[in-house]
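To start, the structure itself, in structure tokens.
Residue numbers (the numbering used here), protein chains in the order written: chain A, 376 to 679; chain B, 376 to 679.
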């Protein structure tokens, strides 16, 4: 018998990965907020570069108290909603449940682990361009890879999730080290998420400017050095490679820029404050990254 | 016989200081661009917290080729126009003329001195809230002090200028060291000019935010340390004092914010690039100031 899945936070990320699993025949229970009525009525539409599909009917819920206990819970919420996460999860956990936090930044597993001391926890790093265009309609524009990393629990369970993803046509991998995977993704996220907000721009306009290419490179170097100080041996070539890759990408607005444009609270804590603090604890100051954090805190305070 | 003055760049700064000298009976010749016709017809109106006055008629010119040679030339242009300055000045210089650059930033005297190797040059640091509201109408809102510092020439000549200012009711002083005076003013200008642009805000909204108070303080510390490395012994207490003073000020939009709002090129070179380079030459990296410079270069490139 297969694993029973739940998706908490069915936005672009949760909807895409949960949708792929459901389409492949897995049992998936989805939590919706504002999209609930629409999805109940018309299903969940995934418009994907890999082929469009409609899930209908959907196991859709408006509250986790109505949902069955599940083996694997994929969390697609923004980290800014994580203060509610433990209480959202409790009704659907059994003693062997595995919670997979498909979220950006650092420190999210630690916080949940303290609140749910007996629950298995993993992280998922999604490399995907996807967005929700309207209620119940998700667009998958590019990429799709997900790197899974265990925080607490047994690896076989996570590997089974990875196998389910692969069978569903998702490019999924289990990383040796969750910390490594998280820091690796931060190398890209740190300069581009925040600078697209502060300079109100997207990646291609930023990188056509020499000063910003230089600044992005410097911030990436700070992240690499911080990761190394924290024990994750990221490659010193990474900044150079990621800048070149980004310059070849289509013009892209990172998730924080979409949050900013939609006046949602920015994920400053997970993407900036937690890494800055972790580096500092390891004896290293990311000065330019800390300055971007300070500017983003100002912008966040003015949003709310 | 008194000194014969010229004002090149009759905006808020040139108009105010030149206007005060003219009102006190000094001979002052003003160069205007777009305001020329208006001033010829209706004079130059100064609305000042120290008392309003109208200069009419005004020795107004549309080109320096029509102006007489003058003893003292007050330059109120933005530093972004300095590539034209030497050729603007040549028609009105005599062998003992003194050019006073009432401009922000660093390095402006050096550049002019190289272009006009036989001309006496001084700098002026204006501590004033003033703006031009409409053609020929200047508002002086607060403060007014000017610190003069000699770059090349004889000090008696500069002291005579200072005396003329004082007689005209301007709080003028001759600084012992122009470099000290310029770095001192940079301590305030560096954080607030740029951050008001990048974060699209004014001083009071910036400083009510804890992160930005901290960041402003850090940038001020970088400027103080850079000045010290360059041989100007600024007080380590200055950042603390200036932040407190600014928090007590009325909400204020620095000149760079006004330039930004009016889509004028920002004075990034004089206020940021020149100090960053000077510090680097002295063996010190202003990291956060350099990051602000990088962000402002991006904004400048998008303006033009």
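We put the CB at the ideal spot given by N, CA and C, even for glycine.
query: Take the Cβ of residue 538/A as the centre, count every other Cβ of all protein chains shown within 10 Å, and call the residue buried at 16 or more, exposed below.; result: exposed
query: Ignore the nearest five residues each way along the sequence and tell me which others in residue 475/A's own chain have a CB closer than 6 Å to its CB.; result: 449, 497 and 499
query: At 4 residues or longer, and completely inside the stretch 566 to 637 of chain A: list those alpha helix (DSSP H) runs for me, N to C.; result: 578 to 582, 585 to 604, 613 to 623 and 630 to 636
query: What residue ranges within the stretch 379 to 426 of chain A form continuous beta strand (DSSP E) runs of no fewer than 3 residues, ordered along the chain?; result: 379 to 383, 402 to 406 and 419 to 423
query: What's the C-alpha gap between residue 554/A and residue 578/B?; result: 40 Å
query: How do the stretch 663 to 676 of chain A and the stretch 376 to 392 of chain B stand: do at least 3 beta-carbon pairs fall below 8 Å, yes or no?; result: no
query: Kindly give me the distance between the Cβ atoms of residue 626/B and residue 592/B, rounded to whole angstroms, as I take these residues to be in contact under 8 Å.; result: About 19 Å; that fails the 8 Å criterion.
query: Any chance the stretch 647 to 659 of chain B sits against the stretch 597 to 616 of chain B, with 3 or more Cβ pairs inside 8 Å?; result: yes
query: Can you give me the Cβ contacts of residue 490/B inside the same chain, cut-off strictly under 7 Å, excluding the 5 residues immediately before and after it?; result: 461
query: Taking the alpha-carbon positions, what's the residue 660/A to residue 574/B distance?; result: 23 Å
query: With a threshold of 8 Å between beta carbons, is residue 586/A in contact with chain B?; result: yes
query: List the DSSP bridge partners of residue 641/B.; result: The partner list for residue 641/B (beta bridge, DSSP) is empty, contrary to what the question assumes.
query: Pick helix, strand or coil for residue 478/A, following the three-state DSSP scheme.; result: coil
query: Strictly below 8 Å CB to CB, what residues from chain A border residue 574/B?; result: 573, 670, 673 and 674
query: With DSSP as the reference, please indicate the residues paired to residue 436/A in a beta bridge.; result: 406/A
query: List the residues of chain B whose Cβ lies closer than 7 Å to the Cβ of residue 662/A, in chain order.; result: 662 and 663
query: According to the Cβ coordinates, are residue 609/A and residue 563/A closer than 8 Å?; result: no
query: Taking 8 Å as the threshold (beta carbon to beta carbon), is residue 589/B in contact with chain A?; result: yes
query: Only counting the same chain, and skipping five residues up and downstream in sequence, which positions put a Cβ closer than 6 Å to that of residue 620/B?; result: none
query: Return the first residue and the last residue of the beta strand (DSSP E) that residue 459/B is part of.; result: Premise fails: residue 459/B is in no beta strand (DSSP E) and is neither H nor E.
query: Could you compute how far the alpha carbon of residue 422/A sits from the alpha carbon of residue 395/A?; result: 11 Å
query: How would you list, in chain order, the residues of chain B whose beta-carbon sits under 7 Å from the beta-carbon of residue 666/A?; result: 590, 663 and 666
query: Is the beta carbon of residue 442/A sitting closer than 8 Å to the one on residue 406/A?; result: yes
query: Of the choices 454/B, 493/B, 401/B and 451/B, whose alpha-carbon is the least far from that of residue 430/B?; result: 401/B
query: Are the CB atoms of residue 455/B and residue 642/B within a distance shorter than 8 Å?; result: yes
query: Is there contact here, the stretch 531 to 547 of chain A with the stretch 627 to 635 of chain B, by at least three beta-carbon pairs under 8 Å?; result: no
query: So what does DSSP say about residue 526/B, is it helix, strand or coil?; result: strand
query: Just tell me which of 611/A, 663/A, 677/A and 662/A has its CA closest to the CA of residue 638/A.; result: 677/A
query: For residue 521/B, which residues from the same chain have a beta carbon less than 8 Å from its beta carbon, with the 5 sequence-adjacent residues on both sides left out?; result: 392, 477, 499, 500, 501, 502, 503, 540, 545, 546, 547 and 548
query: Tell me the start and end of each unbroken alpha helix (DSSP H) in the stretch 481 to 536 of chain B that is at least 4 residues and wholly inside, in chain order.; result: 483 to 490
query: Among residues of its own chain, excluding the 5 on either side of residue 560/A, which ones have a beta-carbon nearer than 6 Å to its beta-carbon?; result: 500
query: Report the partner residues of residue 447/B according to the DSSP bridge assignment.; result: 380/B and 473/B
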